[in-house]
Amino acid sequence: MSDDLLIAEIRKNARETIRVVLNEFKGQRLVGLRVWYRDADGQMKPGREGFACRIEQLPELADAVSRGLETAREKGLVS
Numbered sequence: 020m021s022d023d024l025l026i027a028e029i030r031k032n033a034r035e036t037i038r039v040v041l042n043e044f045k046g047q048r049l050v051g052l053r054v055w056y057r058d059a060d061g062q063m064k065p066g067r068e069g070f071a072c073r074i075e076q077l078p079e080l081a082d083a084v085s086r087g088l089e090t091a092r093e094k095g096l097v098s
């Protein structure tokens with residue numbers, strides 16, 4: 020996988036977006052989440068905030084996020 024494969028974009032606020040991508044770095048296949056921002060020229064640029072893990076860890080990460088969503092719903096934090 021030579022280029023980022025964009026999976027999702029999630030609006031963080033009026034100027035920032037969270038991008039979820041699959042990519043490869045130094046021979047490791049990764050899933051990455053990074054905050055992108057709009058610069059003064061209106062172009063989207065990657066920010067410093069981000070996270071990546073090996074694709075093999077994706078099922079465990081997805082399970083943890085799913086449990087987080089379930090808990091947040093139980094506590095009435097999200098609908």
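Going by the numbering used here, the first residue of the sequence shown is number 20, and it counts up by one from there.
Note that the Cβ used here is the ideal one computed from N, Cα and C, for glycine as well.
On a predicted model such as this, the values are computed, not experimentally measured, just so you know.
Beta-carbon proximity check, residue i vs residue j, cutoff 8 Å
i: I37; j: V54; result: yes
i: R48; j: R30; result: no
i: F70; j: L88; result: no
i: A91; j: V84; result: no
Residue closest to residue i, alpha-carbon to alpha-carbon, out of the options
i: V39; options: N32, D23, G46; result: D23
i: E75; options: N42, A33, E35, D60; result: N42
i: G66; options: A27, E35, E93, F44; result: E35
i: E105; options: Y56, K45, G46; result: As shown, the chain starts at 20 and ends at 98. That puts residue 105 outside it, with no answer to give.
i: M63; options: G95, I26, A33, K94; result: A33
Secondary structure of residue i, DSSP reduced to three states
i: G46; result: coil
i: V54; result: strand
i: G87; result: helix
i: L96; result: coil
i: A27; result: strand
i: A71; result: strand
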